[in-house]
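Engineer: Residue numbers (the working numbering): 17 to 264.
Positions of the beta carbon are idealized from the N, C-alpha and C atoms, including for glycine.
Keep in mind the model is a prediction, meaning the values are calculated, not measured.
Let me begin by handing over the structure; questions about it come next.
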Ligand SMILES: Nc1ncnc2c1ncn2[C@@H]1O[C@H](COP(=O)(O)OP(=O)(O)O)[C@@H](O)[C@H]1O
Ligand SMILES: [Mg+2]
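Structure below.
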């Protein structure tokens, strides 16, 4: 059984305290990290992936601090960051080949692995086109494809459905649900419907703090709400913490 532990993770950007001392233990399953814009989702994910140094606290993978795992952690980890638009001049296949090399997947194993992840996200037919010509949904699928290269045990997807139309949202959601066997998947979103049917557990992030966690049923019961959307509205209201309205 794999395990990811966060111990007292805090992050300060100059005078802004973005994370306030997060304690979390995750086992295999799909976890939905739910919170409005500015709650600290990307900050937390960038710390878990080792791309950002916390101000305080530790991230442990099966009991070992991730900094001590080095390249080994890169093989365990798949990450789809929030922003897209890099590598627009690459073809989809070339991008995956580049990412596979970064992940130290052996050269002779790369072609098979790249075709496997392309099939998985239904992108085989578009893989020869340059990324700059892709739709938002195709870019997101390619980001997910690179995140699952090498069959990682820990998959972090930061707002994988941002900017997608409703049909594409459903498709990505189904893909994520199918990945869940035998690994830890952490998916962030500010859209309740993205995760309420696929997450084994929801983590509610508010102002840099996990204010509650549980299954949809547990959270509804605890907050006296009929739906997870109601729980969300009670906790967060209509606006993101940075004042922007929720995008749908
Ligand atoms: N590089 C940065 N410098 C200063 N403040 C930042 C930086 N990155 C994020 N923040 C602030 O930290 C808070 C959390 O941001 P973020 O982790 O991006 O939240 P989310 O992903 O939930 O929208 C926000 O108030 C944001 O403005
Ligand atoms: Mg974010």
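Kindly list the residues whose CB is nearer than 8 Å to the CB of residue 142, restricted to its own chain and excluding five residues on each side of it in sequence; keep chain order.
Structural biologist: The residue given as residue 142 occupies position 126 in the chain shown. Excluding positions up to five away in sequence, the list reads 108, 150, 154.
Engineer: For residue 95, report the span of its beta strand (DSSP E) as first-last.
Structural biologist: To locate residue 95, count along the chain shown from 1; it is residue 79. That run of the beta strand (DSSP E) goes 93-96.
Engineer: Which of helix, strand or coil does DSSP assign to residue 51?
Structural biologist: Residue numbering aside, residue 51 sits at position 35 when the chain shown is read from its first letter. Note: residue 51 maps to coil in three-state DSSP.
Engineer: Would you check whether ligand 4 has a heavy atom nearer than 8 Å to the C-beta of residue 174?
Structural biologist: No copy of ligand 4 appears in this structure; the ligands present are ligand 1 and ligand 2.
Engineer: With 16 as the cutoff for other CB atoms within 10 Å, does residue 166 come out buried or exposed?
Structural biologist: For the purposes of this step, residue 166 is identified with residue 150 of the chain shown, where counting begins at 1. Buried: at least 16 other Cβ atoms inside 10 Å.
Engineer: Considering only residues of the same chain and omitting the five flanking positions on each side of residue 87, which have a CB-CB separation below 8 Å?
Structural biologist: Here the question's residue 87 lines up with position 71 in the chain shown. These residues qualify, in order along the chain: 120.
Engineer: Buried or exposed for residue 128, going by 16 or more other Cβ atoms inside 10 Å?
Structural biologist: Numbered from its first residue, the chain shown carries residue 128 at position 112. The residue is exposed, with fewer than 16 neighbouring Cβ atoms inside 10 Å.
Engineer: Note down the Cα distance separating residue 264 from residue 207, rounded to an integer number of angstroms.
Structural biologist: Looking up residue 264 in the chain shown gives position 248. Looking up residue 207 in the chain shown gives position 191. Model confidence at residue 264 stands at a pLDDT of 46, short of 50, so the residue's coordinates are unreliable; what they give is reported in the following sentence. Cα to Cα, the separation comes out at about 7 Å.
Engineer: Does the region 237-247 touch the region 54-62, meaning 3 or more C-beta pairs lie closer than 8 Å?
Structural biologist: Touching, no.
Engineer: In whole angstroms, give me the CA-to-CA distance for residue 173 and residue 147.
Structural biologist: Counted from its first residue, the chain shown places residue 173 at position 157. Counted from its first residue, the chain shown places residue 147 at position 131. For residue 173 and residue 147, the distance between alpha carbons rounds to 19 Å.
Engineer: Over what stretch of residues does the alpha helix (DSSP H) that includes residue 145 continue unbroken?
Structural biologist: Taking the first residue of the chain shown as 1, we reach residue 145 at position 129. No alpha helix (DSSP H) contains residue 145, which DSSP labels as neither H nor E.
Engineer: Taking 8 Å as the cut-off, is the beta-carbon of residue 53 closer than that to any non-hydrogen atom of ligand 2?
Structural biologist: To locate residue 53, count along the chain shown from 1; it is residue 37. Yes, the beta carbon of residue 53 sits closer than 8 Å to at least one heavy atom of ligand 2.
Engineer: Evaluate residue 171 with the Cβ neighbour count: other Cβ atoms within 10 Å of its Cβ, from every protein chain shown; 16 or more gives buried, anything less gives exposed.
Structural biologist: As a working mapping, residue 171 is identified with position 155 in the chain shown. Counting Cβ neighbours within 10 Å, residue 171 comes out buried, since at least 16 surround it.
Engineer: Hey, would you say residue 190 sits closer than 9 Å to residue 156, going by beta carbons?
Structural biologist: The residue labelled residue 190 in the question sits at position 174 within the chain shown. The residue labelled residue 156 in the question sits at position 140 within the chain shown. Contact flag unset, no.
Engineer: If you draw a straight line from the alpha carbon of residue 38 to that of residue 72, how long is it in whole angstroms?
Structural biologist: Here residue 38 refers to the residue found at position 22 when the chain shown is read from its first residue. Here residue 72 refers to the residue found at position 56 when the chain shown is read from its first residue. Rounded to whole angstroms, residue 38 to residue 72 spans 10 Å at the Cα level.
Engineer: For residue 250, I'd like the list of residues in its chain whose CB is within less than 8 Å of its CB, leaving aside the five on either flank, ordered along the chain.
Structural biologist: Reading the chain shown from its first residue, position 234 is the one you call residue 250. Here the set comprises 239, 241.
Engineer: Since residue 266 is in the beta strand (DSSP E), which residue starts that stretch and which ends it?
Structural biologist: Lying before the first or after the last residue shown, residue 266 is absent from the chain, which here runs from 17 to 264.
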